[in-house]
Amino acid sequence: MRAATRSTRSRLRPARLAPRDVLGLGAVGLRARRARVVLSALGIAIGIATMVAVVGLSQSSKADLMARLDRLGTNLLTVEAGEDPLGGGLKLPKSAVAMVERIGPVQHATATGSVDARIRRSDVVPQERTAGVTAQAARTDLLAALNARVAEGTWLDGAGERLPVTVLGSVAARRLGVTEPGEKIMMDDRYVVVIGVLAPVELVPTLDRVALIGFPAAQKYFRFDGRPSMVFERSPDAAVEDVRAVLARTVSPGAEGSVKVSRPSDALAAKAATDKGLTTLMLGLGAVALLVGGVGVANTMVVSVLERRQEIGLRRAIGATRNAVRLQFLTESLLLSALGGATGAALGAAATFGFALVQGWTAVVPPWSVAAGFGATLLIGVLAGLYPAARAARLHPTVALNAT
Amino acid sequence: MRPPAPASVPEPTPGPDPTPTLASDPTPPPVVELRDVIKSYAGDVHALRGVSLTVRAGELLAIVGPSGSGKSTVLNVIGTLDAPTAGTVRVAGYDVSRMSDAQLSALRARHIGFVFQHFHLAAGRDALDNVADGLLYGGVPRKERRDRARAALERVRLGHRVGHRPAELSGGEKQRVAIARALVGEPDLVLADEPTGALDTASGEVVMDLLRELNAAGTTVCVITHDHEIAGSLPRRVRFRDGVIAADSRTREGKPV
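Residue numbers (full-length UniProt numbering), protein chains in the order written: chain X, 1 to 404; chain A, 1 to 257.
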């Protein structure tokens with residue numbers, strides 16, 4: 001009886017699949033072929049892992065640099081004496097520090113001066129072999145101005161700066177083979193006692209390669225004229241540029257062209273920028289890996305459609321529309337690449353954390369990089385699935401059912 | 001009920017808009033109406049050369065004939081899996097030729113159940129999931145699909161095999177799962193294409209008994225079969241030869257006329 005009345009009824013309309021059913025359909029094919037799923041998801045995973053790790057590492061290294069800059073301060077300016085036309089080192093006026101201190105915003109000013117003394121480990125070492133360590137006179141407030149610290153021993157104090165004692169930079173100590181304070185090295189023909197070794201000075205790495213002695217001692221024992229060759233100055237962040245503008249003129253009036261004013265933190269910041277090229281290259285490699293992974297997914301899907309023609313035929317017989325079949329295979333492709341994407345993102349993040357741990361950095365995995373990587377996989381999943389899904393949907397039900 | 005109608009004579013009732021059947025009318029409404037159906041393929045291959053057939057609600061008929069006689073094609077046409085080259089096809093009251101592919105899919109989802117010779121069960125999924133899939137495209141919610149699938153499996157006496165995968169079932173059991181999948185949507189029409197073709201005699205009998213039970217409960221059932229014994233045991237037999245109906249015979253009360 002039902003059949004006869006139906007012709008007057010409204011037209012048939014296919015039911016919509018619930019989202020959960022769509023996901024379930026997409027997973028059916030994946031569950032049945034696990035090895036293949038793992039292998040083709042791996043391609044995507046490698047691409048995403050590369051991209052997430054590259055971004056994570058470059059961000060971590062940048063964050064580390066920023067943290068260091070933060071700690072060291074970006075408000076340090078240095079004034080260096082230039083060279084005379086013959087290539088000899090010039091010196092700044094004796095009054096340079098006092099004049100810099102007179103610039104309004106300056107909080108801190110100090111200096112070092114080149115001392116013409118050859119440094120050797122002992123008198124058995126010929127004078128010509130100086131181990132690449134130079135002597136510098138240092139004011140006692142140098143350490144505070146540079147945010148540097150002594151790794152071992154002590155720093156020059158009021159008494160020490162008058163005595164033939166030295167504090168070595170970290171590299172200098174290594175080159176001279178000084179392992180602990182108390183040992184002696186030779187400056188010209190005089191033994192001086194090493195009272196301390198500095199930790200690496202991050203803002204002014206040249207200080208790692210020097211032996212520092214007090215201004216008075218340098219003048220007394222090593223014919224030092226007391227004229228600084230480098231002045232260090234700190235001022236509030238906001239005033240740095242103002243101070244910079246007048247610094248050369250203040251230190252060396254009339255000859256401001258011969259002095260070089262620089263901001264050591266700029267050099268550190270520049271280091272961050274130089275890594276950019278490599279990051280871009282690695283990102284490109286990751287993108288290629290991702291692309292290859294996408295081709296792998298497409299290939300897997302084409303094979304899957306070919307193998308499952310009977311299933312497609314059956315689904316058409318039990319009422320699946322072409323759209324439902326298309327949706328099923330698109331979902332499968334999407335799930336497949338999402339699986340790879342999620343694995344890849346996790347791997348990339350893990351690699352970032354591992355490498356950061358080794359480097360002593362704080363790991364930074366920007367959420368946008370994970371989101372972008374995952375978004376890329378979804379896009380790839382759709383693109384890779386479009387053609388196989390269209391093929392599946394186009395299959396004629398009876399042909400599909402009778403496929404072998 | 002009715003004297004057997006010669007195959008060449010067009011059925012009287014069907015029209016573009018059949019009048020609703022009155023309660024007093026003893027003739028059940030048609031579920032399948034084929035009128036002058038031709039199906040040909042490229043290269044002058046004619047699978048059906050003008051077939052007219054009416055199957056009324058509640059009928060149980062066998063479609064028999066040698067290979068290549070067109071019986072599979074006619075089943076595909078009735079099942080809306082294949083469109084005829086010419087002629088009209090009405091299934092469950094719908095004029096199939098005027099329907100889109102999506103509408104035909106919906107028609108199959110709600111009104112037609114299929115049983116195939118090779119079962120076509122999903123290997124990785126248990127009997128319940130396989131049967132529940134029969135309702136998937138009819139818009140039935142998941143919970144209800146599973147409940148009805150369980151009931152359908154009970155109906156084919158496989159209540160104890162609900163969680164078994166096809167690999168863990170015998171051939172006969174697989175076909176019973178497939179029958180459960182066909183009947184779970186309570187279709188008006190069940191089309192069975194050689195349902196016993198891959199089974200031993202005992203399993204085949206169980207399957208045929210189930211189809212008879214299904215028919216007794218009101219569902220129209222068309223069975224393609226090679227087996228003369230099975231064909232002979234069904235109330236109506238339509239014999240195909242060379243793309244036309246060669247004979248259409250009925251048995252009264254289960255005995256040959």
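Using N, Cα and C, we set each Cβ at its ideal position, and we do this for glycine too.
Asked: Min CB distance A/Asn215 to chain X below 8 angstroms; Found: no
Asked: Proximity below 8 angstroms, CB of A/Arg237 to CB of A/Pro66; Found: no
Asked: Unbroken beta strand (DSSP E) run spanning X/Gly113, endpoints; Found: 108-120
Asked: Three-state secondary structure (DSSP) of residue 412 of chain X; Found: Nothing about residue 412 of chain X can be read from this structure; chain X reaches only from 1 to 404.
Asked: Closest residue to residue 275 of chain A among X/Ala390, X/Ala320, X/Arg68, X/Ala363 (Cα-Cα distance); Found: Outside the displayed span of chain A (1 to 257) sits residue 275 of chain A, for which this structure offers no information.
Asked: Interface positions of the segment 131-142 of chain A facing chain X (Cβ-Cβ less than 9 angstroms), listed along the chain; Found: Asp133, Gly134, Leu135, Leu136, Tyr137, Gly138, Gly139, Val140, Pro141, Arg142
Asked: Contact set for X/Val292: own chain, Cβ-Cβ below 8 angstroms, skip 5 residues either direction; Found: Gly43, Gly47
Asked: Amino acids of chain A, ordered along the chain, whose beta-carbon sits closer than 7 angstroms to that of X/Ala320; Found: Ser105, Tyr137
Asked: Test: A/Gly163 CB closer than 8 angstroms to a CB of chain X; Found: no
Asked: Chain-order list of residues whose beta-carbon lies under 7 angstroms from that of X/Ala372 (same chain, five-residue window excluded); Found: none
Asked: Cut-off 7 angstroms between Cβ atoms - residues of its own chain near X/Glu202, not counting five sequence neighbours on either side; Found: Arg68, Leu72
Asked: Contacting residues, own chain, Cβ-Cβ under 6 angstroms from A/Arg90 (five flanking each side not counted); Found: Glu33
Asked: Own chain, CB closer than 6 angstroms to residue 406 of chain X, minus 5 neighbours either side, in chain order; Found: The structure shown does not extend to residue 406 of chain X, since chain X is modelled only from 1 through 404, so no value can be given for it.
Asked: Residues bridged to X/Arg174 [DSSP beta-bridge criterion]; Found: Answer is none; X/Arg174 lacks a bridge partner.
Asked: From A/Arg108, A/Arg148, A/Ala109, A/Asp95, residue whose alpha carbon lies closest to that of A/Ala127; Found: A/Arg148
Asked: For A/Pro29, the three-state DSSP class (helix, strand or coil); Found: coil
Asked: Below-8 angstroms beta-carbon distance, X/Glu311 vs any chain A residue; Found: yes
Asked: Where X/Thr250 falls: helix, strand or coil (DSSP); Found: helix
Asked: Where the alpha helix (DSSP H) through X/Lys276 begins and ends; Found: 276-307
Asked: Within 7 angstroms of chain X by C-beta, residues of the segment 39-57 of chain A in sequence order; Found: Ala57
Asked: Member of X/Ala392, X/Leu378, X/Arg394, X/Ala81 whose CA lies at the smallest distance from the CA of X/Arg227; Found: X/Ala81
Asked: Assumed close pair X/Leu199, X/Ala148 - CB separation to whole angstroms, cut-off 8 angstroms; Found: It is worth fixing the name first, because residue 199 of chain X is Ala in this sequence and not Leu. Sure, about 7 angstroms apart at Cβ, within 8 angstroms.
Asked: Integer Cβ distance of X/Ala32 from A/Ala47, believed to fall under 8 angstroms; Found: No, X/Ala32 and A/Ala47 are not in contact; Cβ-Cβ is about 34 angstroms, not under 8 angstroms.
Asked: At least 3 beta-carbon pairs within less than 8 angstroms: the segment 231-245 of chain X vs the segment 167-182 of chain X; Found: no
Asked: Residue burial classification, X/Ala393 (beta-carbon count within 10 angstroms, cutoff 16); Found: buried
Asked: Pairwise C-alpha distance: A/Arg165 and A/Thr88; Found: 41 angstroms
Asked: Residues of its chain near X/Thr74, where Cβ-Cβ distance is below 6 angstroms and the 5 sequence neighbours each way are ignored; Found: Ser265
Asked: Where A/Gly79 meets chain X, residues with beta-carbon distance less than 8 angstroms; Found: Ala317
Asked: Contact list for the segment 116-128 of chain A against chain X, Cβ threshold 9 angstroms; Found: Phe116, His118, His120, Leu121, Ala122, Ala123, Gly124, Arg125
Asked: Pairwise C-alpha distance: X/Gln328 and A/Val221; Found: 31 angstroms
Asked: A/Leu22, buried or exposed, once every other Cβ within 10 Å from all chains shown has been counted against 16; Found: Bear in mind that the predicted position of A/Leu22 carries a pLDDT of just 49, short of 50, making it unreliable; the figure below should be weighed with that in mind. It is exposed - the Cβ of A/Leu22 has fewer than 16 other Cβ atoms within 10 Å.
Asked: Spatially closest choice to X/Asp225 from X/Leu285, X/Pro93, X/Ala53, X/Asp141, by CA coordinates; Found: X/Pro93
Asked: Close beta carbons around A/Ser40, own chain, < 6 angstroms, minus the five adjacent residues each side; Found: His46, Thr85
Asked: For A/Ser100, the three-state DSSP class (helix, strand or coil); Found: coil
Asked: Chain X contact for A/Asp242 (CB, 8 angstroms cutoff); Found: no
Asked: X/Met230 versus X/Ser95, X/Gly381, X/Thr154, X/Ser61, residue with shortest Cα-Cα distance; Found: X/Ser95
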